[in-house]
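Asks: Please see the structure below; I have some questions.
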Amino acid sequence: MAPAVEAVEKKTSSALKAPALNERILSSMSRRSVAAHPWHDLEIGPGAPTIFNCVIEIPRGSKVKYELDKKTGLIKVDRVLYSSVVYPHNYGFIPRTLCEDSDPLDVLVIMQEPVIPGCFLRAKAIGLMPMIDQGEADDKIIAVCADDPEYKHYNDIKELPPHRLAEIRRFFEDCILFFL
2 MAPAVEAVEK
12 KTSSALKAPA
22 LNERILSSMS
32 RRSVAAHPWH
42 DLEIGPGAPT
52 IFNCVIEIPR
62 GSKVKYELDK
72 KTGLIKVDRV
82 LYSSVVYPHN
92 YGFIPRTLCE
102 DSDPLDVLVI
112 MQEPVIPGCF
122 LRAKAIGLMP
132 MIDQGEADDK
142 IIAVCADDPE
152 YKHYNDIKEL
162 PPHRLAEIRR
172 FFEDCILFFL
């Protein structure tokens, strides 16, 4: 009589099991999932324009130029720099903005550490580096990380040590020559 009880328990437990892996994969492919787009869906932040969110595309010290793929919202490799030029600070964009080049507004964020591409952080603008790219304005906001104790007290680009300002200026000058 005991085997009959086991058979009933097996039938009941198999009826409650989750669908097989292949069925779950196929059903997930038929559903449309929507991921947040960092340019359009991320809020600029409640403290804007003083403190604003920005998405980092390129970490400090990188020779890889990443950029936002406008269609998917993913960060893609654009190219690898082949000279000794590296990004002196984290580089990205301000969400929900638009520059004359039809891209979001670029921002160079001065902070102690590199951060991973695709993350966002709070920044404070301290200056502007006006630039022209292929005949169109492509200004760069110079900012500090609002949550970095070493840099958050800066309010103006003129407060930066002269060597830091020269480093940033030289990077953009080299990039203009490099990317032509």
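Numbering-wise, the sequence shown is residues 2 to 181 according to this note's numbering. Where a beta carbon is used, it is the ideal one built from N, C-alpha and C, also for glycine.
Buried or exposed, going by whether 16 or more other CB atoms sit within 10 Å of the CB of His90?
Replies: It is buried - the Cβ of His90 has at least 16 other Cβ atoms within 10 Å.
Asks: Using DSSP with H/G/I as helix, E/B as strand and the rest coil, what is Ala167?
Replies: When DSSP states are grouped into helix, strand and coil, Ala167 belongs to the helix group.
Asks: Please report the distance separating the alpha-carbon of Pro39 from that of Pro163.
Replies: 34 Å
Asks: Quick check on the burial criterion: 16 or more other C-beta atoms within 10 angstroms. Buried or exposed for Val9?
Replies: Only weak support exists for where Val9 lies, its pLDDT of 49 falling under 50; the coordinates are left without a value.
Asks: Using the beta-carbon count (16 or more within 10 Å), is Arg80 buried or exposed?
Replies: exposed
Asks: How many angstroms separate the CA atom of Arg123 from the CA atom of Ser63?
Replies: 21 Å
Asks: Leaving out five residues on either side along the sequence, give the residues of the same chain with a beta carbon under 6 Å from the beta carbon of Ile158.
Replies: Ile127, Gly128 and Ile143
Asks: Kindly indicate which residue of Lys66, Asn54 and Pro105 has the alpha-carbon position closest to the one of Ala138.
Replies: Pro105
Asks: I need the DSSP call for Glu174, collapsed to helix, strand or coil.
Replies: helix
Asks: When the Cα of Leu69 is compared with those of Gly46, Val108 and Phe94, which residue comes out closest?
Replies: Of the candidates Gly46, Val108 and Phe94, the one whose C-alpha sits nearest the C-alpha of Leu69 is Phe94.
Asks: With DSSP run on the structure shown, which of helix, strand or coil describes Cys146?
Replies: Cys146 falls in the strand class under three-state DSSP.
Asks: Taking only runs that begin and end inside the stretch 107-138, name each unbroken alpha helix (DSSP H) of 4 or more residues, in chain order.
Replies: Every candidate alpha helix (DSSP H) stretch fails here, since none sits fully inside the stretch 107-138 while reaching 4 residues.
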